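Visitor: Protein chains in written order, with my numbering: chain A, 3 to 516; chain B, 3 to 682. Dropping the structure in here first, questions after.
Right under this line is the structure:
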């Protein structure tokens with residue numbers, strides 16, 4: 003089992019889903035289904051811990067690789083493996099999936115379908131982060147899409163159908179562009195062994211194997227742009243972000259957590275896994291590089307301004323994600339060790355912090371049945387424990403030192419500012435505005451909801467319960483721990499990210515650019 | 003780590019953190035709600051700090067300096083370590099912070115007795131002490147930024163302690179956001195340092211500057227940006243607006259955070275990184291400090307809330323310290339930081355004692371509407387509260403610069419430094435700085451004695467309130483007495499100057515390149531400046547006290563008549579130069595406007611565009627659907643119809659009668675024959 007641990011971690015949820023479909027209809031059905039899900043995702047966490055222990059921090063090469071022929075006539079392989087970039091995302095996915103099962107305890111409608119789809123989604127996410135064959139990557143990418151569509155469209159809020167369709171079409175649009183890029187790669191990268199076409203990502207990253215269309219710079223730029231839009235939609239980068247507030251608001255709590263915690267990361271993961279190493283010269287092309295950072299700054303400042311304007315708590319958290327993913331992009335843009343490591347750490351940290359925020363929104367929504375920020379007041383008097391956790395999450399979100407996001411955000415800013423590849427100083431300084439704005443809307447929200455006199459309407463609001471605490475406390479511990487000592491995650495990333503920077507910086511010379 | 007001094011300093015740092023963790027989780031369930039836990043943690047810290055201080059005095063070495071770095075984060079070639087730096091300045095700061103903090107803990111036991119969130123309050127005090135001690139101990143810019151933000155957090159939590167009041171939570175937010183604006187500047191400064199020098203450590207950065215790796219305009223800019231952090235935290239113009247509002251917090255908190263320690267952190271920062279500032283940056287610092295000192299002093303004249311007067315006084319005094327550093331008075335600025343910590347903490351705790359008494363009196367009278375902090379309701383309290391009165395009078399003498407009180411020495415040193423600079427630099431701005439600081443000394447003496455006269459002298463404004471007022475319990479008066487002794491005696495004996503040496507940039511240089519040494523003023527000039535400044539300072543203080551006495555004790559003039567006569571000026575000062583109104587109408591309104599525009603733009607324009615594309619697609623699909631239905635399918639159907647029509651028509655021919663078929667065949671043959679004839 004341990005020799006193909008990645009296959010297990012990818013397909014465990016599917017096994018769970020299959021078992022769930024077999025559960026007969028009786029009075030115990032619901033709880034059996036839930037516990038199957040708990041076991042499936044729990045085992046995933048165990049495997050994730052095993053991976054974390056066994057992962058070799060000192061190499062940038064792929065580890066725990068499994069490779070087998072899948073569709074030989076097109077040279078498509080089942081090829082999975084992880085490096086420092088993917089391992090952090092695998093850990094995050096396992097953790098959040100497990101927690102989300104408990105956050106889904108309150109689902110009453112079509113329980114069987116919900117959990118089966120959720121586990122299918124889980125497999126898709128894991129697959130994306132492990133796949134090293136572009137075709138396999140694409141398949142997993144699409145596998146995620148379908149369950150997500152139904153999970154929002156069936157178990158969502160009042161405007162769920164609109165949100166689900168919007169999400170689906172938007173992502174599909176991105177997928178199509180990715181498909182085009184994939185085919186260009188397939189036909190223009192030479193398999194070093196057979197000389198034929200290949201979907202192998204590692205071969206694609208080897209610039210010496212590029213031929214045909216891919217030896218034309220303009221084509222490379224075009225393909226990069228197509229891939230970028232595909233991934234930008236997922237991040238989501240301005241102006242492709244408007245699916246996110248709708249999808250987040252309408253999705254049930256656990257699905258919002260997965261959306262913000264894991265799915266958004268696929269955008270930046272895709273850029274780092276595919277765009278950067280396969281087409282490094284396009285990323286180093288000045289108009290692209292500066293365009294990239296401009297969008298990052300817009301995300302940060304504009305996202306924060308939009309968040310400030312929101313009246314719906316969940317929507318505010320959603321817009322806040324846009325800003326924080328902007329920080330990831332900012333960190334990635336400077337190609338410095340500090341910035342790149344900061345960006346990936348920020349991907350991880352944003353995953354945990356935003357998960358906390360959505361879970362907390364869910365807690366209050368389950369009690370008050372609305373999310374209007376102005377409609378509360380003085381909740382800290384009624385729910386002190388809840389308020390305490392809210393404060394941890396809010397202060398983490400606004401980047402307070404001692405909590406995880408601070409380090410990753412500071413590194414992203416410092417890394418971008420000290421870039422030697424590009425001059426990003428002015429952009430970074432503008433982006434620091436976001437730091438003040440985030441503090442503004444987070445504290446303002448805290449005041450309106452939790453401070454002041456208790457709104458008499460909520461005089462008998464029950465305190466957060468044990469199950470909810472169980473979903474939040476582990477995340478809070480991680481947020482505090484990584485805020486004080488981020489080395490465990492940084493150690494995973496470092497070699498891989500530094501290697502990527504070397505690859506990027508060699509690219510202009512390789513392609514005869516200046 | 004085997005160095006006992008380091009171990010001791012670490013224990014001082016970590017004790018309050020441990021106390022915080024315990025207090026926040028189980029404080030409420032401990033006996034006495036755990037107030038003894040943070041209090042004893044900080045008292046142990048105080049004892050350790052004093053032993054360090056004693057060791058320092060015994061081993062008397064101006065160049066004493068030890069440091070240690072713990073591995074924290076390594077990325078590529080960059081090592082960010084958690085480093086501790088201990089020199090004489092650090093030890094002095096440790097004593098100041100632990101001492102004021104310990105006394106405030108003690109005072110709070112009395113002052114906060116019976117508070118709704120008593121245990122929480124002590125937890126927050128503990129996290130503040132930890133953050134402040136960390137700020138004093140760290141040896142690099144990244145670390146100082148971390149603790150910088152953490153003291154901001156504790157300040158936020160403690161200002162908002164009574165968060166049921168909207169004014170309190172508003173003030174807390176205002177403090178956090180305003181100081182964070184300053185922090186952004188500091189972050190930018192740190193980014194410049196990292197980008198140019200590749201390190202955060204103080205020593206390495208100073209070495210880089212000394213070697214000329216960061217110089218010219220960028221160095222000045224970086225210096226000003228780092229100083230921006232101090233503008234925020236030390237409430238300097240134009241970010242001073244948060245400090246008066248911060249008085250919404252409990253009074254002991256005001257004494258600890260918003261008078262003695264955190265707000266002085268900006269001064270400490272500039273002092274700690276003194277060699278980093280170019281001459282232009284220092285000039286900027288001096289000007290900002292002077293403007294702050296002047297604005298705040300003028301506002302303090304008119305305020306009626308006892309804590310507001312002290313708040314503006316604090317801003318003004320912080321401006322004084324900053325100005326001192328700006329004119330190169332390194333020693334003077336830090337010395338004043340220390341003496342000010344004692345007498346201003348005392349003033350705040352004394353005002354707390356008064357407020358406590360007033361509150362108690364109102365409580366007895368079942369009056370829940372009158373303001374216990376308004377000096378118009380006080381008067382004549384000296385007989386009722388002799389200890390509070392005596393200690394506050396001592397502190398007032400100290401802050402006013404009455405000879406032989408602690409503040410006299412430090413204030414005199416500042417004025418001397420400013421005058422010396424003015425005499426040697428030949429820059430008229432330095433002359434203006436000196437003149438303004440001197441004027442401020444007079445104003446300070448005026449408004450401080452005004453406070454004492456209004457509170458403790460004269461006829462009681464309300465007889466029955468006066469009757470119920472009483473001296474505070476011992477737990478509150480002991481801290482007053484301790485601080486009173488320090489306010490009187492803290493300035494003697496040149497010990498501060500002997501222990502703390504002004505750092506020299508050239509000493510950090512690692513290459514032969516020697517940076518141009520700052521031309522030191524001749525001993526002669528320094529001596530002249532010192533004597534002159536001393537007499538001018540005594541004169542200013544005396545004049546201020548005299549005018550104050552004439553107005554508020556002898557009642558030779560009426561303050562009300564004066565206010566009436568200079569109504570526009572009075573209104574201008576009473577409304578604090580309209581800074582709050584200005585910011586509300588510009589920055590705040592602007593941000594809200596931008597935020598609303600962004601929200602609208604996102605919903606209507608960008609999402610509108612997305613929905614528009616969807617609508618156009620749907621429309622397009624309908625059109626093509628119609629096209630498909632009517633045109634394409636229409637054609638297909640037309641063909642089918644035509645064929646069908648032919649079929650239907652021709653079907654008529656199929657009658658089944660043989661005669662008809664023969665007739666038709668015959669007809670056809672005839673037709674063919676005719677055609678053949680016609681075309682042949």
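Here a beta-carbon is modelled for each residue, glycine too, at the ideal position from N, C-alpha and C. What you are looking at is a predicted structure, and each value in this text was computed from that prediction instead of being measured.
Output the distance between the C-alpha atoms of residue 319(A) and residue 311(A), rounded to the nearest integer angstrom.
Guide: Start at 1 with the first residue of the first chain, and residue 319(A) comes out as number 317. Start at 1 with the first residue of the first chain, and residue 311(A) comes out as number 309. About 12 Å.
Visitor: Kindly indicate which three-state DSSP category residue 81(B) falls into: helix, strand or coil?
Guide: By one-based count along the second chain, residue 81(B) stands at place 79. Strand at residue 81(B).
Visitor: Roughly how many whole angstroms lie between the Cα atoms of residue 574(B) and residue 374(B)?
Guide: As a first step, residue 574(B) is located in the second chain; it is residue number 572 there, counting from the start. As a first step, residue 374(B) is located in the second chain; it is residue number 372 there, counting from the start. Answer to the nearest angstrom: the Cα atoms are 25 Å apart.
Visitor: Spell out the partners DSSP gives residue 80(A) in its beta bridges.
Guide: As a first step, residue 80(A) must be located in the first chain, where it is residue number 78. Answer is 70(A), bridged to residue 80(A).
Visitor: If distances are taken between C-alpha atoms only, which option among 467(B), 490(B), 445(B) and 411(B) comes closest to residue 394(B)?
Guide: Sequence index remark: in the second chain, residue 394(B) carries index 392 (1-based). It is 490(B).
Visitor: Of the choices 325(A), 255(A), 117(A) and 273(A), whose alpha-carbon is the least far from that of residue 435(A)?
Guide: Here residue 435(A) is taken as the residue at index 433 of the first chain, counted from 1. Closest option to residue 435(A), Cα to Cα, is 325(A).
Visitor: Using beta carbons (cut-off 8 Å, strictly below), is residue 308(A) in contact with chain B?
Guide: By 1-based counting over the first chain, the position of residue 308(A) is 306. So yes, residue 308(A) belongs to the interface.
Visitor: Are there three or more Cβ pairs, one per stretch, closer than 8 Å when the segment 292–302 of chain A is compared with the segment 246–265 of chain A?
Guide: No: fewer than three Cβ pairs fall under 8 Å.
Visitor: With three or more beta-carbon pairs closer than 8 Å as the criterion, would you say the segment 447–459 of chain A touches the segment 161–178 of chain B?
Guide: The answer is yes - the segment 161–178 of chain B touches the segment 447–459 of chain A, with three or more Cβ pairs under 8 Å.
Visitor: Measuring CA to CA, which of 35(B), 151(B) and 154(B) is closest to residue 2(B)?
Guide: With chain B covering only 3 through 682, there is no way to say anything about residue 2(B).
Visitor: For residue 411(A), does the count of other Cβ atoms within 10 angstroms reach 16, so buried, or fall short, so exposed?
Guide: Position 409 of the first chain holds residue 411(A). It counts as buried.
Visitor: From the DSSP secondary-structure annotation, give me the bridge partner or partners of residue 212(A).
Guide: For the purposes of this step, residue 212(A) is taken as residue 210 along the first chain, with counting starting at 1. Residue 212(A) is bridged to 191(A).
Visitor: Starting from residue 5(B), trace the alpha helix (DSSP H) in both directions and tell me its first and last residue.
Guide: Position 3 of the second chain, counting from 1, holds the residue named residue 5(B). No alpha helix (DSSP H) holds residue 5(B); DSSP gives it neither H nor E.
Visitor: Tell me the start and end of each unbroken alpha helix (DSSP H) in the segment 7–77 of chain A that is at least 4 residues and wholly inside, in chain order.
Guide: Listed in chain order, the complete alpha helix (DSSP H) runs (minimum 4 residues) inside the segment 7–77 of chain A are 7–24 and 31–56.
Visitor: With three or more beta-carbon pairs closer than 8 Å as the criterion, would you say the segment 354–368 of chain B touches the segment 443–455 of chain B?
Guide: The segment 354–368 of chain B, when compared against the segment 443–455 of chain B, does not touch it at the 8 Å Cβ threshold.
Visitor: Out of curiosity, what's the CA-to-CA distance linking residue 149(B) and residue 249(B)?
Guide: Here residue 149(B) is taken as the residue at index 147 of the second chain, counted from 1. Here residue 249(B) is taken as the residue at index 247 of the second chain, counted from 1. Rounded to whole angstroms, residue 149(B) to residue 249(B) spans 22 Å at the Cα level.
Visitor: With burial defined as no fewer than 16 other Cβ atoms inside 10 Å of the residue's Cβ, what is the status of residue 349(A): buried or exposed?
Guide: For this step, residue 349(A) is matched to residue 347 along the first chain. Under this definition residue 349(A) is a buried residue.
Visitor: Quick check: what's the CA-CA separation for residue 225(B) versus residue 602(B)?
Guide: Position 223 of the second chain, counted from the first residue, corresponds to residue 225(B). Position 600 of the second chain, counted from the first residue, corresponds to residue 602(B). Rounded to whole angstroms, residue 225(B) to residue 602(B) spans 39 Å at the Cα level.
Visitor: Among residues of its own chain, excluding the 5 on either side of residue 314(B), which ones have a beta-carbon nearer than 6 Å to its beta-carbon?
Guide: In the second chain, the residue the question calls residue 314(B) occupies position 312. These residues qualify, in order along the chain: 298, 301 and 302.
Visitor: Within 8 Å (strictly less), CB to CB, does residue 420(A) reach chain B?
Guide: On the first chain, position 418 is the one that residue 420(A) refers to. True, the Cβ-Cβ gap to chain B drops below 8 Å.
Visitor: Does the separation of the CB atoms of residue 420(B) and residue 561(B) fall below 8 Å?
Guide: Here residue 420(B) corresponds to residue number 418 of the second chain, with the count starting at 1. Here residue 561(B) corresponds to residue number 559 of the second chain, with the count starting at 1. Cβ distance not < 8 Å, so residue 420(B) and residue 561(B) don't count as in contact.
Visitor: By DSSP, does residue 69(B) sit in helix, in strand, or in coil?
Guide: To locate residue 69(B), count along the second chain from 1; it is residue 67. Note: residue 69(B) maps to strand in three-state DSSP.
Visitor: Give the secondary structure of residue 87(B) by DSSP, where H, G and I count as helix, E and B as strand, and everything else as coil.
Guide: As a first step, residue 87(B) is located in the second chain; it is residue number 85 there, counting from the start. Residue 87(B): strand per DSSP, three-state reduction.
Visitor: Does the Cβ of residue 185(B) have 16 or more other Cβ atoms within 10 Å, making it buried, or fewer, making it exposed?
Guide: Here residue 185(B) refers to the residue found at position 183 when the second chain is read from its first residue. Flag for residue 185(B) reads buried.
Visitor: Taking 8 Å as the cut-off, decide whether the C-beta atoms of residue 277(A) and residue 229(A) are in contact.
Guide: Position 275 of the first chain, counted from the start, is the residue given in the question as residue 277(A). Position 227 of the first chain, counted from the start, is the residue given in the question as residue 229(A). Yes, they are a contact pair.
Visitor: Less than 6 Å between C-beta atoms, sequence neighbours within five positions excluded: which residues of the same chain meet that for residue 81(A)?
Guide: The residue you call residue 81(A) lines up with position 79 of the first chain. If we look at residue 81(A) and ignore the five residues flanking it on each side, its Cβ neighbours are 69, 134 and 135.
Visitor: By a C-beta neighbour count over all protein chains shown, 10 Å radius and 16 as the cutoff for buried, is residue 37(A) buried or exposed?
Guide: What you label residue 37(A) is simply residue 35 of the first chain in a count that begins at 1. Label assigned to residue 37(A): exposed.
Visitor: Quick check: the segment 402–417 of chain B against the segment 468–478 of chain B, are at least 3 beta-carbon pairs closer than 8 Å?
Guide: No, the segment 468–478 of chain B does not touch the segment 402–417 of chain B.
Visitor: Could you tell me which uninterrupted alpha helix (DSSP H) segments, each at least 4 residues in length, are contained entirely in the segment 265–327 of chain B, listed from first to last along the chain?
Guide: With a minimum length of 4 residues, the continuous alpha helix (DSSP H) runs that stay inside the segment 265–327 of chain B are 267–274 and 281–304.
Visitor: Quick one: complete alpha helix (DSSP H) runs, 4+ long, within the segment 544–587 of chain B?
Guide: 561–567, 569–576 and 581–585, all fully within the segment 544–587 of chain B.
Visitor: Taking all protein chains shown into account, decide if residue 426(A) is buried (16 or more other Cβ within 10 angstroms of its Cβ) or exposed.
Guide: Position 424 of the first chain holds residue 426(A). By the 10 Å Cβ count, residue 426(A) comes out buried.
Visitor: Along chain A, in chain order, which residues have C-beta atoms closer than 7 Å to that of residue 597(B)?
Guide: For the purposes of this step, residue 597(B) is identified with residue 595 of the second chain, where counting begins at 1. Within chain A, the residues near residue 597(B) are 307, 310 and 311.
Visitor: Would residue 623(B) be called buried (16 or more neighbouring beta carbons within 10 Å of its own) or exposed?
Guide: On the second chain, position 621 is the one that residue 623(B) refers to. Exposed, because fewer than 16 other Cβ atoms sit within 10 Å of the Cβ of residue 623(B).
Visitor: Just to confirm, are residue 248(A) and residue 164(A) a CB contact at a threshold of 8 Å?
Guide: As a working mapping, residue 248(A) is identified with position 246 in the first chain. As a working mapping, residue 164(A) is identified with position 162 in the first chain. Cβ distance < 8 Å, so residue 248(A) and residue 164(A) count as in contact.
Visitor: Count the C-beta pairs between the segment 268–276 of chain B and the segment 223–242 of chain B that are closer than 8 Å, then say yes if the count reaches three, no if not.
Guide: They touch, by the three-pair rule.
Visitor: Straight-line CA distance for residue 371(A) to residue 46(A)?
Guide: Translated into the one-based positions of the first chain, residue 371(A) becomes position 369. Translated into the one-based positions of the first chain, residue 46(A) becomes position 44. When rounded, the distance between both Cα atoms is 33 Å.
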